[in-house]
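In UniProt numbering, the protein residues as written are 1 to 248. Backbone N, C-alpha and C fix where the C-beta goes; we use that ideal spot for every residue, glycine too.
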């Protein structure tokens, strides 16, 4: 077994999770924190859908996250959003003020907000998103219906300080995503582009369920040091470097 592969890394954080503020999810914030503590996670990012998605909370929800305690059940809880990419110009559905205030901004495509276009359109859009200084993560970009020019865009994500998400939930829920995520991960390895590995949990019962993604990363001998959320400390270091914000 390769000494630097993710199989030997118990990831300490899950940075893509949803509460009942996203109405097709099933767990409260407290339930997520309780299950995170039970499963040995040291940190989670709560990233409910942006307001343009039909199940998303009002934008004020994200402004009010500042009132939450930093630790719940002993788990570091980051304030985040899974913002919706609204068009092929990379526009997000969260105002710049909240993008700046939050700890963690994921930018993702969802059909109701921006129907799939061409590979060229998706490529252009992701290049625009990469220019946004407040976006931290490119969410579930292995989705086949939003395929883009991986070879062209991934080096730009690295240069612009964007983390590429390997979304473990996508492996079973989105046709073609498993193969696409492998292709993306190989390019991230080639270009030394950092990633995060997340569950996209819509209930506490699958929080931290990352095995499919980690198994794939092990198969390709992906370097563990490129997995930013491998420890709470590595995640905190990245956030400090990116946002100048101490979370520990």
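- By the Cβ neighbour-count rule, residue 119 is exposed, with fewer than 16 other Cβ atoms within 10 Å of its own.
- Inside the segment 40–67, DSSP marks whole beta strand (DSSP E) runs of 3 or more residues at positions 43–49, from first to last along the chain.
- As for any alpha helix (DSSP H) of minimum length 4 sitting wholly inside the segment 76–135, the runs are 96–101 and 119–130, ordered along the chain.
- In the structure shown, residue 73 adopts coil according to DSSP, grouped into three states.
- Shown here for residue 20: same chain residues with a beta carbon closer than 7 angstroms to its own, the five before and five after excluded, namely 26, 27 and 28 in chain order.
- In terms of Cβ geometry, residue 135 and residue 102 do not form a close pair [threshold 8 angstroms].
- Residue 12 and residue 58 have their C-alpha atoms some 30 angstroms from each other.
- For residue 195, the enclosing beta strand (DSSP E) begins and ends at 195–198.
- Excluding five sequence positions before and after residue 202, the CB atoms of its chain that fall closer than 6 angstroms to its own CB belong to 18 and 25, given in chain order.
- Going by beta carbons, residue 79 and residue 199 fall outside the 8 angstroms limit.
- In the three-state scheme derived from DSSP, where H, G and I count as helix and E and B as strand, residue 25 is classed as coil.
- By the Cβ-count criterion, residue 51 is buried, with 16 or more other Cβ atoms from all chains shown falling within 10 Å of its own Cβ.
- Excluding its 5 nearest sequence neighbours in each direction, residue 220 has C-beta neighbours in its own chain below 8 angstroms: 182, 185, 186 and 189, listed in chain order.
- Counting the other CB atoms within 10 Å of its CB gives residue 115 a total below 16, which places it among the exposed residues.
- In the structure shown, the three-state DSSP call for residue 165 is strand.
- Setting aside the 5 residues that flank it on each side, residue 204 is surrounded in the same chain by 27, 31, 32 and 35, each with a C-beta closer than 6 angstroms to its C-beta; the list follows chain order.
- For the pair of segments examined, the segment 102–113 was found not to touch the segment 68–75: the number of CB pairs separated by less than 8 angstroms stays below three.
- Cβ-Cβ separation between residue 125 and residue 151: approximately 16 angstroms, too far for a contact (criterion under 8 angstroms).
- Residue 196 sits away from residue 213, with the two beta carbons spaced by 8 angstroms or more.
- Residue 37 places its beta carbon 8 angstroms or farther from that of residue 63.
- Counting along the chain, the unbroken beta strand (DSSP E) around residue 13 starts and ends at 13–17.
- DSSP places residue 220 outside both helix and strand once states are collapsed to three, so it counts as coil.
- Straight-line spacing of the CA atoms in residue 230 and residue 224 works out to 8 angstroms.
- Residue 168 is positioned such that its CB atom lies closer than 8 angstroms to that of residue 210.
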